[in-house]
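Engineer: Residue 168 in this note's numbering sits at position 150 of the sequence shown; the count goes up by one each step and never skips.
Just so it is clear, CB atoms sit at the ideal spot from N, CA and C, and this is done for glycine as well.
As the structure is a computational prediction, the values presented were derived from the model and not from experiment.
Pasting in a structure now, in structure tokens, and then I'll have a few things to ask.
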Amino acid sequence: MKIIMLGAPGAGKGTQAKKIAAKYEIPHISTGDIFRANIKNGTELGKKAKTYMDQGLLVPDELVVDLVVDRVNQEDCSRGYVLDGFPRTIPQAEALDKALAAQGQKMDYAIDVDVPDQNIVQRMGGRRACVGCGATYHLVYAAPKKEGICDTCGAELILRDDDKPETVEKRLGVYHEQTQPLIDYYTKAGILKTVDGTVAMEDVFEAIVSILGE
19 MKIIMLGAPG
29 AGKGTQAKKI
39 AAKYEIPHIS
49 TGDIFRANIK
59 NGTELGKKAK
69 TYMDQGLLVP
79 DELVVDLVVD
89 RVNQEDCSRG
99 YVLDGFPRTI
109 PQAEALDKAL
119 AAQGQKMDYA
129 IDVDVPDQNI
139 VQRMGGRRAC
149 VGCGATYHLV
159 YAAPKKEGIC
169 DTCGAELILR
179 DDDKPETVEK
189 RLGVYHEQTQ
199 PLIDYYTKAG
209 ILKTVDGTVA
219 MEDVFEAIVS
229 ILGE
């Protein structure tokens, strides 16, 4: 079962990807984790990626796809995997499909966790992070016992810059421009499934399970 998770920043696709991985006992794969593992292990691909990252440049699509394909060919992916945060663009999706097709494989599902922009701005605006231990809270969904204070270490809670409404709106703009076309791409491929991401987290997961099967 090979699954791609789609959804805007803050839609909760990462949380759902982890839950899918746990239930179906398949790896949850994010490009960030792949980069870190390859750089840490000093692989050839890792060294190449590091030269771009050290200069603050985006790693080219071709290299990202090589890293992803290398990861999904490992033994623990023999029963499937969940891709989280990749592909982000049409060229990446096309390159991934081409690389998989060369090995007689293809993706089975692209699951879009659909949440309106307005909900995401509100959702992310309610996040708070501890300046001491890094614990995260949400004013509505996971509020601290004492307002503005971390339950764990007693340090101050702040609204991070990347959770501020203007930053979130900017990130959503980039998402709609670059990643939204993937919705059309996977619809044409006949593998797109959409779930309502505005309902409770468990309900979102139930909807995904009903698509994937028990």
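Mark Met219 as exposed unless 16 or more other C-beta atoms lie within 10 angstroms of its C-beta, in which case mark it buried.
Structural biologist: Along the sequence shown, read from residue 1 onward, the residue named residue 219 stands at position 201. When all chains shown are included, Met219 counts as exposed.
Engineer: Taking its Cβ as the centre, do 16 or more other Cβ atoms sit within 10 Å of Asp221, making it buried, or is it exposed?
Structural biologist: By 1-based counting over the sequence shown, the position of residue 221 is 203. Classification for Asp221: exposed.
Engineer: Cutting at 6 Å between CB atoms, please list the residues of its own chain near Ile57, excluding the five before and the five after it.
Structural biologist: The residue given as residue 57 occupies position 39 in the sequence shown. Excluding residues within five positions, the ones whose Cβ falls inside 6 Å are Gly64, Lys68.
Engineer: Round the Cβ separation of Leu210 and Ile201 to the nearest angstrom and send it over; I've been treating them as touching at under 8 Å.
Structural biologist: Position 192 of the sequence shown, counted from the first residue, corresponds to residue 210. Position 183 of the sequence shown, counted from the first residue, corresponds to residue 201. With 8 Å as the limit, Leu210 and Ile201 qualify as a contact, their Cβ atoms being about 6 Å apart.
Engineer: Are there 16 or more other CB atoms within 10 angstroms of the CB of Thr170, so buried, or fewer, so exposed?
Structural biologist: On the sequence shown, position 152 is the one that residue 170 refers to. Exposed, since its Cβ has fewer than 16 Cβ neighbours within 10 Å.
Engineer: Cα separation between Glu195 and Met142?
Structural biologist: Taking the first residue of the sequence shown as position 1, residue 195 is located at position 177. Taking the first residue of the sequence shown as position 1, residue 142 is located at position 124. If I take the Cα positions, the gap works out to 20 Å.
Engineer: Near Ala161, what residues of its chain come up, given a Cβ to Cβ distance below 7 Å and the 5 sequence neighbours on each side ignored?
Structural biologist: Here residue 161 refers to the residue found at position 143 of the sequence shown. Contacts found: Tyr155.
Engineer: Please tell me whether Val87 and Ala117 are closer than 9 Å, where the distance is taken between their beta carbons.
Structural biologist: Within the sequence shown, residue 87 is the residue found at index 69, counting from 1. Within the sequence shown, residue 117 is the residue found at index 99, counting from 1. Yes, the Cβ-Cβ distance between Val87 and Ala117 is below 9 Å.
Engineer: Enumerate in chain order the residues of its own chain whose CB-to-CB distance from Leu114 is below 7 Å, with the five nearest sequence positions on each side excluded.
Structural biologist: In the sequence shown, residue 114 corresponds to position 96, counting from 1. Within the same chain, Leu114 has close Cβ partners Val83, Val86, Pro105.
Engineer: Three-state secondary structure (DSSP) at Tyr159?
Structural biologist: Counting from one through the sequence shown, the residue named residue 159 turns up at place 141. If DSSP states are grouped into helix, strand and coil, Tyr159 belongs with coil.
Engineer: Let's see if you can read the secondary structure: which residues bound the beta strand (DSSP E) around Leu210?
Structural biologist: In the sequence shown, counting from the first residue as 1, residue 210 sits at position 192. It spans 210-214 - the beta strand (DSSP E) in which Leu210 sits, taken as one unbroken run.
Engineer: Less than 9 Å between the beta carbons of Ile44 and Ile38, yes or no?
Structural biologist: Reading the sequence shown from its first residue, position 26 is the one you call residue 44. Reading the sequence shown from its first residue, position 20 is the one you call residue 38. Cβ atoms of Ile44 and Ile38: closer than 9 Å.
Engineer: Please report the distance separating the alpha-carbon of Glu80 from that of Gln110.
Structural biologist: Here residue 80 corresponds to residue number 62 of the sequence shown, with the count starting at 1. Here residue 110 corresponds to residue number 92 of the sequence shown, with the count starting at 1. The straight-line gap from Cα to Cα measures roughly 8 Å.
Engineer: Going by beta-carbon coordinates alone, are Ile108 and Tyr203 separated by less than 9 Å?
Structural biologist: Here residue 108 refers to the residue found at position 90 of the sequence shown. Here residue 203 refers to the residue found at position 185 of the sequence shown. The answer is yes: Cβ separation under 9 Å.
Engineer: By Cβ distance, which residues of its chain are closer than 8 Å to Lys163, with the 5 residues on each side in sequence left out?
Structural biologist: Here residue 163 refers to the residue found at position 145 of the sequence shown. Hits under 8 Å: Asp169.
Engineer: Tell me whether Ser48 sits in a helix, a strand or coil according to DSSP, three-state version.
Structural biologist: Stepping through the sequence shown from its first residue, residue 48 is reached at position 30. In the structure shown, Ser48 sits in a strand (DSSP, three-state: E or B).
Engineer: Can you look up Lys68 in the DSSP assignment and give me helix, strand or coil?
Structural biologist: For the purposes of this step, residue 68 is identified with residue 50 of the sequence shown, where counting begins at 1. Of the three classes helix, strand and coil, the one that applies to Lys68 here is helix, per DSSP.
Engineer: With distances taken between CB atoms, is the gap from Thr185 to Ala26 smaller than 9 Å?
Structural biologist: Working through the sequence shown from its first residue, we reach residue 185 at position 167. Working through the sequence shown from its first residue, we reach residue 26 at position 8. No; because the gap between Cβ atoms is not below 9 Å, this pair is not in contact.
Engineer: So, Gly98 versus Lys20, is the Cβ gap smaller than 9 Å?
Structural biologist: The count along the sequence shown starts at 1 and reaches residue 98 at position 80. The count along the sequence shown starts at 1 and reaches residue 20 at position 2. Yes; because the gap between Cβ atoms is below 9 Å, this pair is in contact.
Engineer: DSSP state of Met23, grouped into three classes?
Structural biologist: Start at 1 with the first residue of the sequence shown, and residue 23 comes out as number 5. Strand.
Engineer: Below 8 Å, how does it come out for the region 130-148 and the region 174-188: are there three or more Cβ pairs, yes or no?
Structural biologist: At 8 Å Cβ cutoff, the stretches touch.
Engineer: Between Asp130 and Thr49, which are expected to be in contact by the criterion C-beta below 8 Å, what is the C-beta distance as a whole number of angstroms?
Structural biologist: For this step, residue 130 is matched to residue 112 along the sequence shown. For this step, residue 49 is matched to residue 31 along the sequence shown. Going by Cβ atoms, the distance from Asp130 to Thr49 rounds to 18 Å, so no, they are not a contact pair.
Engineer: Based on the DSSP secondary-structure assignment, which residues constitute the bridge partners of Lys164?
Structural biologist: Translated into positions along the sequence shown, residue 164 becomes position 146. Beta-bridge pairing links Lys164 to Ile167.
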